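Here the structure comes first, spelled out in structure tokens, and everything after it is commentary.
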Amino acid sequence: MSKVKTVLPNLRCTLGEGPHWDVEDGVLYWVDIVGKTAFALRPSDGGSRSWTFNQPVSAIVPRTIGGLLVALADGLAFLDAESGQTTPFVAPDADHPGNRSNEARVDPAGRFWHGSMQNNIGPNGEDLPVTVSTGTLNRVEPNGDIKRFVADIGISNTLLWSADGTKMFFGDTIRNTLDVYDFDMATGVPSNPKLFFGPHARGNMDGSAMDADGYIWNARWGGSCLIRFAPDGSVDRIVELPVTQPTSCVFGGPDLKTLYITSASVGLDGNGNDLEGALLSIETDVAGQVCTRFAG
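Under numbering that gives the first Met the number 0, the sequence shown has 29 at position 30, and the numbering climbs by one with no breaks.
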């Protein structure tokens with residue numbers, strides 16, 4: 000395991016999140032939810048760009064037909080990369096106006112999964128308490144059809160699928176647990192949730208990436224580390240990080256062995272260090288799974 004690097008020395012996010020590696024173009028996408036900004040970086044040549052919105056943004060993913068899909072606080076929208084213009088698509092959680100988008104990933108079949116939570120961002124970007132578990136998990140088809148599968152979530156986090164397509168992983172940071180579901184890739188239906196791992200002394204469960212061996216690398220909010228969980232849910236290793244609040248991670252690079260890690264400075268009020276909110280990377284000894292573009 001190599002040492003941790005700071006990818007963009009001058010960038011600090013208030014709430015960095017949602018990393019996605021586009022293998023076709025060799026581009027890393029991620030967001031600053033509180034900063035209302037989405038980013039793209041091509042590490043091979045250092046090319047980068049960003050887009051700023053008028054509301055929090057929790058995810059950005061490329062589309063198979065071109066352009067981008069973003070998860071804004073109040074729903075999903077298509078983003079034209081050149082003009083920066085957005086076109087509303089669907090609002091999976093419109094029946095919970097007090098919620099905002101949070102966790103989101105595309106499954107291997109190209110469907111977009113959208114997790115929400117009670118809005119905890121004030122009008123000036125201030126951190127508000129999460130007092131109710133009103134979050135939901137919704138599947139969005141390429142044609143915009145929406146199906147809800149989970150409700151009463153505190154903070155939606157981690158969305159992963161096993162390489163064989165038979166398992167889905169989804170968790171709740173408030174409960175500090177990650178569940179594993181039986182999954183039918185043909186129909187996109189999860190069922191029969193079981194506890195995969197529960198609370199751990201090192202921080203709270205946040206976003207994750209899965210490697211080619213089926214191990215889950217989980218960012219530990221407040222724990223200054225990643226925990227690599229084995230396929231049976233046991234702790235395989237702990238990777239120490241120079242940030243207090245790692246939020247998520249994704250495998251990228253030409254061989255999918257670079258683990259990119261987002262982090263957050265929100266709530267630390269000067270009690271952290273100068274790397275809080277940085278985008279980090281570490282070279283691993285195992286490749287990761289490929290991210291999928293949204294098929295819509």
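Cβ coordinates follow ideal geometry from the N, Cα and C atoms, glycine included. In this text the structure is predicted, and so the values were computed from the model without any measurement.
DSSP three-state assignment for residue i, whether helix, strand or coil
i           : result
residue 19  : strand
residue 10  : coil
residue 118 : coil
residue 154 : strand
residue 41  : strand
residue 36  : strand
residue 57  : strand
residue 87  : strand
residue 137 : strand
residue 70  : strand
residue 242 : coil
residue 95  : coil
residue 1   : coil
residue 109 : coil
residue 292 : coil
residue 231 : coil
residue 82  : coil
residue 159 : strand
residue 124 : coil
residue 129 : coil
Reference residue i, options the options, closest by Cα
i           : options            : result
residue 214 : 201, 118, 190, 233 : 233
residue 133 : 117, 139, 141, 244 : 117
residue 294 : 67, 228, 244       : 67
residue 268 : 238, 13, 1         : 13
residue 100 : 123, 86, 75        : 75
residue 241 : 93, 222, 175, 130  : 222
residue 178 : 83, 207, 110       : 207
residue 148 : 112, 3, 7, 176     : 112
residue 80  : 72, 52, 98, 94     : 52
residue 30  : 123, 50, 108       : 50
residue 91  : 55, 83, 72         : 72
residue 224 : 281, 193, 270      : 281
residue 84  : 95, 119, 98, 69    : 69
residue 202 : 212, 173, 229, 184 : 173
residue 142 : 64, 286, 237       : 64
residue 196 : 120, 205, 115, 21  : 205
residue 230 : 211, 24, 121, 248  : 211
Endpoints, the beta strand (DSSP E) within which residue i is located
i           : result
residue 100 : 98-105
residue 143 : That residue, residue 143, is in no beta strand (DSSP E); it is neither H nor E in DSSP.
residue 46  : 46-51
residue 64  : Taken as a continuous stretch (DSSP letters only), residue 64 belongs to no beta strand (DSSP E), as it is neither H nor E.
residue 224 : 224-228
residue 74  : 74-78
residue 27  : 26-31
Residue i classed as buried or exposed, judged by whether at least 16 other C-beta atoms fall within 10 angstroms
i           : result
residue 239 : exposed
residue 48  : exposed
residue 58  : buried
residue 102 : buried
residue 251 : buried
residue 283 : buried
residue 159 : buried
residue 264 : buried
residue 167 : buried
residue 11  : buried
residue 288 : buried
residue 33  : buried
residue 106 : buried
residue 209 : buried
residue 93  : exposed
residue 157 : buried
Unbroken beta strand (DSSP E) runs of length 3 or more, entirely within the stretch 250-284: which are they? 257-262, 279-282
So within the stretch 161-220, which uninterrupted beta strand (DSSP E) runs reach at least 3 residues, ignoring any that extend past its ends? 166-171, 176-183, 188-196, 203-209, 215-220
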